[in-house]
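Notes follow the structure.
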Amino acid sequence: MLKNFTKPKKPNFSLFILVLVLTLFGIVMVYSASVFEAWQIYADKYHFLTAQLLWFGIGLLSLLLTTFIPLNLIKKTAGIFFSLTLVLLVLVLIPGIGNTALGARRWINIGGFGLQPTELAKLSLSIYLSAWLIKHRSFWSYLLILGLVLGLIMLQPDLGTAIIIIFTSVMVYYVSGANWFYLFAVGIFGSLSGLALILTSSYRKARLLTFLNPTLDPLGSSYHIRQALITIGSGGLFGLGLGQSRQKYQFLPQVTTDSIFAVIAEELGFIGAALLIILFLVLVFKAFKIARSAVDDFSKLLATAIASWLAIQITVNLAAMLALIPLTGVPLPFISYGGSSLIVNLTAVGLLLNISRYQLNPKKK
Numbered sequence: 012m013l014k015n016f017t018k019p020k021k022p023n024f025s026l027f028i029l030v031l032v033l034t035l036f037g038i039v040m041v042y043s044a045s046v047f048e049a050w051q052i053y054a055d056k057y058h059f060l061t062a063q064l065l066w067f068g069i070g071l072l073s074l075l076l077t078t079f080i081p082l083n084l085i086k087k088t089a090g091i092f093f094s095l096t097l098v099l100l101v102l103v104l105i106p107g108i109g110n111t112a113l114g115a116r117r118w119i120n121i122g123g124f125g126l127q128p129t130e131l132a133k134l135s136l137s138i139y140l141s142a143w144l145i146k147h148r149s150f151w152s153y154l155l156i157l158g159l160v161l162g163l164i165m166l167q168p169d170l171g172t173a174i175i176i177i178f179t180s181v182m183v184y185y186v187s188g189a190n191w192f193y194l195f196a197v198g199i200f201g202s203l204s205g206l207a208l209i210l211t212s213s214y215r216k217a218r219l220l221t222f223l224n225p226t227l228d229p230l231g232s233s234y235h236i237r238q239a240l241i242t243i244g245s246g247g248l249f250g251l252g253l254g255q256s257r258q259k260y261q262f263l264p265q266v267t268t269d270s271i272f273a274v275i276a277e278e279l280g281f282i283g284a285a286l287l288i289i290l291f292l293v294l295v296f297k298a299f300k301i302a303r304s305a306v307d308d309f310s311k312l313l314a315t316a317i318a319s320w321l322a323i324q325i326t327v328n329l330a331a332m333l334a335l336i337p338l339t340g341v342p343l344p345f346i347s348y349g350g351s352s353l354i355v356n357l358t359a360v361g362l363l364l365n366i367s368r369y370q371l372n373p374k375k376k
């Protein structure tokens, strides 16, 4: 079998440069968006910048490690990584261990670092399902694994991450050769479950009503999306200029995290926002291209999972900021402030780079 493959080569350098550019741009925008908030809370306008630079350093080391670590070792340890993630998803629900913010219990403080287990869940489930589906095809076992993770995530609750995980898992299951009927069943089950979760939660129901009518409660449930649209619209074609956002002065909620795209549009205008979207499209295209040329089933499924996860997360964040879907609380990959998200995203890119070191020999296809 190995005779059909080339020897290991250099990782996809253009993908590495693209991710590096996105991340460094994100760090600049985090600083720009956070100056006022950082001074108000910490009396240090560099607080968020310093933290994001630290997490970038850790993430870059993780990227380099996962680029060259044997993929076979990653496959063998998938079960251990997944099990540890499940433990963390349980621990975050325990009062005194998990920290609550904005009505959700999503963080575990470890030495001053807020670990977000749901970010690890995206990566660990991608690796575990990719390894598991090589040997198993049982729909009910697959549904059990997916249901276990989704159940723990919705107890926090975190509907945005649940949507990302459902989409990613369905894509991986499809590429593994699943029956269309099962995929349709998962889609129906996921849609009905999501609708039930929305209708049984006053908070999520308010977000849905706000989406349907953004003018419903401009100083209450509609405030966030209205401010996001005002922020994006005020940028015009060319923007107000880097660092010149007006909405970051306590008008726009979650200015450094979920809403950072709105600040980008305000400061850099339609042109700057469009260029960022183009870079994201190139990133997703490259990720799926790596999946297509992978040399074995595990690599193919893992690259597909990562590409799908990044694609849906980018789409959900941007769509929410443009009022195309309800707000979900999902960060923008490589751009939003946050250690867990940035480190996990860079680690995932490291896996893509690892897979890109091997490809099918064109003469042997």
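Here our numbering is used: position 202 in the sequence shown is 213, and no number is missing along the way. Yeah, the Cβ is synthetic: ideal placement off N, Cα and C, and Gly gets one too.
Counting the other CB atoms within 10 Å of its CB gives SER94 a total below 16, which places it among the exposed residues.
Listed in chain order, the non-local C-beta contacts of THR358 below 6 Å within the same chain comprise SER73, THR77, local neighbours out to five positions each way being set aside. With distances taken between CA atoms, SER187 lies nearest to ALA302 out of GLY171, LEU97, ALA302. For THR172, the closest C-alpha among the options ARG368, VAL341, ASN190, TYR153 is that of VAL341.
Look at the beta carbons and you see the stretch 324-343 not touching the stretch 40-47: under three pairs across the two are nearer than 8 Å. The DSSP-derived three-state label of GLY125 is strand.
Inter-residue distance for ILE243 and LEU155 is about 41 Å (C-alpha atoms, whole angstroms). Residue TYR260 holds the alpha-carbon nearest to the alpha-carbon of GLN51 among TYR260, ASP307, VAL160, SER25.
Taking LEU294 as reference, the option from LEU279, LEU312, ALA322 with the minimal CA-CA separation is ALA322. Straight across, the Cα-Cα distance linking ALA142 with ASN110 is about 32 Å.
Cβ contact annotation for LEU104 (same chain, cutoff 8 Å, sequence separation greater than five): ARG116, LEU163, LEU166, GLN167, in chain order. In this structure, LEU364 and LEU157 do not form a Cβ contact; the two beta carbons are roughly 27 Å apart against a cut-off of 8 Å. For ALA318, same chain residues with a beta-carbon under 7 Å away, outside a window of 5 residues either side, are VAL295, ALA298, PHE299, ALA302 in chain order. Under DSSP, TRP118 shares a beta bridge with ASN110.
Its Cα nearest to that of LEU170, the residue LEU338 stands out among SER347, ALA273, LEU338.
Note that the C-beta distance between LEU313 and SER137 is below 9 Å. Cβ neighbours of ILE69 within its own chain (closer than 8 Å, five residues either side excluded): GLY350, ILE354.
ILE175 and GLN324 do touch by the CB rule: their CB atoms are close to 5 Å apart, below 8 Å. For ASN365, the enclosing alpha helix (DSSP H) covers residues 350-367. No Cβ-Cβ contact shorter than 9 Å links LEU227 with VAL160. The criterion of a C-beta distance shorter than 9 Å is satisfied by SER352 and GLU130. Nearest to ILE199 by C-alpha distance, out of LYS216, ILE336, VAL181, ILE288, is VAL181.
Shortest Cα-Cα distance from TYR348 to any of PHE272, LEU140, VAL306 involves PHE272. The alpha-carbon of SER304 is positioned some 41 Å away from that of GLY247.
Burial check for SER149: the Cβ neighbour count within 10 Å stays below 16, so the residue is exposed.
Contact between ARG368 and PRO19 holds: their C-beta atoms lie close to 5 Å from each other, under 8 Å.
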